[in-house]
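Protein chains: 4
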Amino acid sequence: MKAKTNTGRRDAELSRRLILDAALVEFSEKGFSGARIDTIATAAGVSKPMIYSYYGDKDDLYAAALREAYIQIRAGEQELDLEHKSPEEAIRALVSFTLNHFKSKPWFISMLNTENLHRGATISKIHDVGEIQSRLLQELKIILQRGQDEGTFRQGIDPVDLYITIASLCYFPISNAHTLRVVFDKPVDEDSWLDQRRHDAEELVIRFLKP
Amino acid sequence: MKAKTNTGRRDAELSRRLILDAALVEFSEKGFSGARIDTIATAAGVSKPMIYSYYGDKDDLYAAALREAYIQIRAGEQELDLEHKSPEEAIRALVSFTLNHFKSKPWFISMLNTENLHRGATISKIHDVGEIQSRLLQELKIILQRGQDEGTFRQGIDPVDLYITIASLCYFPISNAHTLRVVFDKPVDEDSWLDQRRHDAEELVIRFLKP
Amino acid sequence: MKAKTNTGRRDAELSRRLILDAALVEFSEKGFSGARIDTIATAAGVSKPMIYSYYGDKDDLYAAALREAYIQIRAGEQELDLEHKSPEEAIRALVSFTLNHFKSKPWFISMLNTENLHRGATISKIHDVGEIQSRLLQELKIILQRGQDEGTFRQGIDPVDLYITIASLCYFPISNAHTLRVVFDKPVDEDSWLDQRRHDAEELVIRFLKP
Amino acid sequence: MKAKTNTGRRDAELSRRLILDAALVEFSEKGFSGARIDTIATAAGVSKPMIYSYYGDKDDLYAAALREAYIQIRAGEQELDLEHKSPEEAIRALVSFTLNHFKSKPWFISMLNTENLHRGATISKIHDVGEIQSRLLQELKIILQRGQDEGTFRQGIDPVDLYITIASLCYFPISNAHTLRVVFDKPVDEDSWLDQRRHDAEELVIRFLKP
DNA sequence: TATGAATGAGTATTCATTCAT
DNA sequence: AATGAATGAATACTCATTCAT
């Protein structure tokens, strides 16, 4: 029973990690059909057969990458600390966070677009994807309740619908930055414009929640 | 009075049209890399060489399809009659139209997603794409002015930013319908939910515009 | 019976001519497989169906072009006036002419190379190709006889073999100019080098013919 | 003692060799445009992707085949033993060798013709092609010097020009055998005619070198 | 565990050739 | 006589996937 066993396991773990990271980048940059197993292997520094032995075929690897995108989002959301803020401040913080998050993790948006292009064929096979946003929704529910209790927010706001509204406002300007820049000649990727947009989005949501 | 079909034809204009329609469908359903020239040829009822002789290579055909998507949007917007409505009614109508449009012409959203995945590489080569939304923006500007004049709307609203807001609210729920349905277990493609969303979107925008 | 009939015939003749010239250029520059019917049609300013109706398929057109190359050579040789020169002068003139000819009509060499690459499959089908060089050989025979009679030349020289010798010396430096230039770093396409080569070739042949 | 064949192999070096040999045959028989990657793959007993992975695209493979033709020539010339012959004998041996070589390695002439048809576009990219004939030229230089020293040969003969003369005399009758046979009705591929030609070529060169 | 070698099944693109007017 | 429209059959090249070691 040599020490090498342990190293072997660690290397295996590392290889899996490197493959997954490379796959996430490749799929998000090229879409499913545009992604190349060869490119992923090279980027991860492993041989192609390794990818197949660890993850199965291209579809399976794509599914793993899609799940990873959601997992990374969840990890990011852990950092939010909404409980110690006033309802309005919490909402503003969530809007702001969401916009930043979409901006700083571009592969998430790309993976979502790719997955929706494929009519959600893969995401429905990922069993634990439902749980992912649950924590966020739970917090949102509490914030809404607190806002209603203190009279800041209206009654009858569904947390999921509210989240969809927030996501809508944050998603589109980033997801469609390239076409917007050309079609409307707007500097949608400059910080100053995004700051303004963040502010507008907060304002939109707050006004919407007001009684 | 014979209806023009694709059988026994020798009609260049018709062939061009059939190819373009088929290309728009194929590219929007599969993305650039996933689209097959073969499939387009079969769907259009023409041979592959025709496609190449009329449109050049796959990139060129994709560019033509992308441009066509924008042209169809413009054509749809022509039908809106915003001038004879009150400012608030006009805004509500525009929101409603945009949501309907995204919903009923799914290839537009798909093409935009595909194009943004490719970092806008193609759209910047379409020379007249800027003019396409110009009419709508012009109308939007007038509505905003009328609203300001009568005191319904705030000062300092940029028409492009407003349009981006409207588009954001209408785009995401439809663009991401497949993932939303799975992740949040929401019936985002049912009419009842969309009606509610349409109403919420109008409300969001109107509240935002109020002084 | 309008005058147009006549014009129509003349145009037909002209079209045939234009096609043949374009074909000769295209086949000699690209070889058989590299030549494009489309290119020939464009260069000749006619439609592709015209080519097919006048000359048959690509093989037939190639055969016509090959024959044309020989015909043009024959036409060139008509200009030589060997009878009024001394035997030695006549031989020198023939060598000089051959080199010039190969140099100034590059498609002839290209067509020969192409045809030999194809193992002479086409030339054997051109019925009148044998007669083409006959006049030249006849003259050569007379020169040799005159040289023998006056004691300048040896006995037993075969005119065809002599012509092959002359052609050999003139063909290779022009046919292989591109590779010679690179491999031996010789300026084989400059006039000064060719003048020297012409002189050497004459000298070689004359010395060979001396008793 | 198992002979290396292409069956059940997994031997990169052997595969490369088999591909190169097959490519040399195919390109020399069909020219660049006429050559088929499919044919080469089948002849070499490998799949098409192997060819692309080992040699790049068709142009690259052609370049490798062209270079190989020159390398085989060099290898053949190594066997000549000119140093221990008298100058005249050495020249005769070289002429004889060159004719034999062109005759027995027909792909060399075919490759040269193909390359010259393409205006030497490829050979100028092969970096070491210049060195290939260098050894032969060196030997030729020495022979000429020895001949001059002993008074057998003239002064002022350039080795490259001399080689071009020798090559000219040997190249044409073989390169153009197919057309010569038809046009002049000469049995240029029969051994007896070639023996005579070899003798004439030697005589031509020797007479030319004499003071 | 790991990978260099190998390939079947595509996939965009081309080209000689024919059809319909 | 002439051609714009159209295509079947290649053809170079790619890519996910597996084999043998």
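Residue numbers (the numbering used here), protein chains in the order written: chain A, 103 to 313; chain B, 103 to 313; chain C, 103 to 313; chain D, 103 to 313. Ideal Cβ positions, reconstructed from N, Cα and C, are used throughout, including at glycine. Source: prediction; values computed, not measured.
Limits of the alpha helix (DSSP H) - the one that residue 150 of chain C falls within: Here the alpha helix (DSSP H) through residue 150 of chain C covers 150-157.
Any C-beta of chain B under 8 Å from that of residue 275 of chain A: For residue 275 of chain A, the nearest beta carbon of chain B is closer than 8 Å to its own beta carbon.
Check whether chain A comes within 8 Å of residue 206 of chain B, counting only Cβ atoms and requiring the distance to be less than that. No, no contact with chain A.
Just verifying my parser: in three-state terms, what is the DSSP assignment at residue 300 of chain A? Three-state DSSP puts residue 300 of chain A in a helix.
Below 8 Å, can you find three or more Cβ-Cβ pairs linking the region 161-174 of chain D to the region 124-136 of chain D? The region 161-174 of chain D and the region 124-136 of chain D touch, with no fewer than 3 CB-CB distances between them shorter than 8 Å.
Taking residue 217 of chain C as the reference, give the member of D:244, D:295 and D:280 with the closest Cα. Out of D:244, D:295 and D:280, D:280 has the C-alpha closest to the C-alpha of residue 217 of chain C.
Spatial neighbours of residue 189 of chain A in its chain, beta-carbon cut-off 8 Å, leaving aside the 5 residues before and after: Excluding residues within five positions, the ones whose Cβ falls inside 8 Å are 245, 246, 248, 249, 252, 254 and 255.
Kindly confirm or deny that the region 217-237 of chain C and the region 203-216 of chain D touch, where touching means at least three C-beta pairs closer than 8 Å. The region 217-237 of chain C vs the region 203-216 of chain D: in contact.
Kindly indicate which three-state DSSP category residue 252 of chain C falls into: helix, strand or coil? In this structure, residue 252 of chain C counts as coil in the three-state DSSP scheme.
Is the beta carbon of residue 268 of chain C closer than 8 Å to that of residue 231 of chain C? In this structure, residue 268 of chain C does not lie closer than 8 Å to residue 231 of chain C by Cβ.
As assigned by DSSP and simplified to three states, the class of residue 187 of chain A: If DSSP states are grouped into helix, strand and coil, residue 187 of chain A belongs with coil.
Chain C within 8 Å of residue 202 of chain D, Cβ atoms only: Cβ-Cβ to chain C under 8 Å: no for residue 202 of chain D.
Assuming residue 127 of chain D is part of the alpha helix (DSSP H), what are its boundary residues? First-last of the alpha helix (DSSP H) with residue 127 of chain D: 114-136.
Once the 5 residues before and after residue 179 of chain B are set aside, which same chain residues still bring their CB inside 6 Å of it? Beyond the five residues adjoining it in sequence on each side, residue 179 of chain B comes within less than 6 Å, by CB distance, of 238 in the same chain, given in chain order.
Should residue 242 of chain B go down as buried or exposed, given a rule of 16 or more other Cβ atoms within 10 Å for buried? Residue 242 of chain B comes out buried.
Going residue by residue through the region 162-231 of chain B, where are the continuous alpha helix (DSSP H) segments of at least 4 residues, counting only ones entirely within it? Unbroken alpha helix (DSSP H) stretches of 4 residues or longer found wholly inside the region 162-231 of chain B: 189-206 and 208-219, given in chain order.
Using the three-state DSSP reduction, which class does residue 247 of chain C fall into: helix, strand or coil? DSSP places residue 247 of chain C in helix when its eight states are reduced to three.
Is the beta carbon of residue 305 of chain D sitting closer than 8 Å to the one on residue 310 of chain C? For residue 305 of chain D and residue 310 of chain C, yes; Cβs fall inside 8 Å.
Using a Cβ-Cβ cutoff of less than 6 Å, which residues in the same chain neighbour residue 194 of chain B once the five nearest sequence positions on both sides are dropped? So the list reads 304, once near-sequence residues are dropped.
Identity of the residue in C:203, C:277 and C:287 nearest residue 176 of chain C by Cα: The residue with the shortest Cα to Cα distance from residue 176 of chain C is C:203.
Taking Cβ positions only, does residue 229 of chain A come closer than 8 Å to chain B? Closer than 8 Å: no.
Against chain B, does residue 269 of chain A count as a neighbour if the rule is that its beta carbon must be under 8 Å from one of theirs? So, interface residue.
Cut-off 6 Å between Cβ atoms - residues of its own chain near residue 271 of chain C, not counting five sequence neighbours on either side: Scanning its chain for C-beta atoms nearer than 6 Å, with the 5 sequence neighbours on each side dropped, one finds around residue 271 of chain C the residues 303, in chain order.
Considering just the uninterrupted stretch of the alpha helix (DSSP H) at residue 285 of chain D, what are its terminal residues? From DSSP, the alpha helix (DSSP H) with residue 285 of chain D extends over 279-286.
CA-CA distance, residue 157 of chain C and residue 225 of chain C? Straight-line Cα distance between these residues: approximately 16 Å.
Nearest candidate by alpha-carbon position, reference residue 172 of chain B, set B:192, B:211 and B:263: Answer by Cα proximity: B:211.
Should residue 115 of chain C go down as buried or exposed, given a rule of 16 or more other Cβ atoms within 10 Å for buried? Residue 115 of chain C comes out exposed.
Note down the Cα distance separating residue 284 of chain C from residue 265 of chain C, rounded to an integer number of angstroms. So the two alpha carbons sit approximately 29 Å from each other.
The ligand NAP and residue 156 of chain D: does any heavy atom of the ligand fall closer than 7 Å to the residue's C-beta? Summarising the ligand content, the structure contains no ligands, and the ligand NAP is consequently not present.
Using 8 Å as the threshold, is the C-beta distance between residue 209 of chain A and residue 122 of chain A below it? With contacts defined by Cβ atoms closer than 8 Å, residue 209 of chain A and residue 122 of chain A do not form a contacting pair.
Minimum C-alpha distance to residue 150 of chain B - residue among B:200, B:124, B:278 and B:186: Comparing Cα-Cα distances from residue 150 of chain B to each of B:200, B:124, B:278 and B:186, the minimum goes to B:124.
Which term fits residue 343 of chain B, buried or exposed, when burial requires 16 or more other beta carbons within 10 angstroms of its beta carbon? Absent from the structure is residue 343 of chain B, since the part of chain B shown begins at 103 and ends at 313.
Residues that residue 160 of chain D contacts on chain C, provided the C-beta gap is smaller than 7 Å: Simply none; closest approach about 12 Å.
C-alpha distance - residue 299 of chain B paired with residue 185 of chain A, whole-angstrom precision: Rounded to the nearest angstrom, the gap between the Cα atoms of residue 299 of chain B and residue 185 of chain A is 28 Å.
Backbone CA spacing between residue 140 of chain A and residue 146 of chain A [nearest angstrom]: The alpha-carbon atoms of residue 140 of chain A and residue 146 of chain A are separated by roughly 10 Å.
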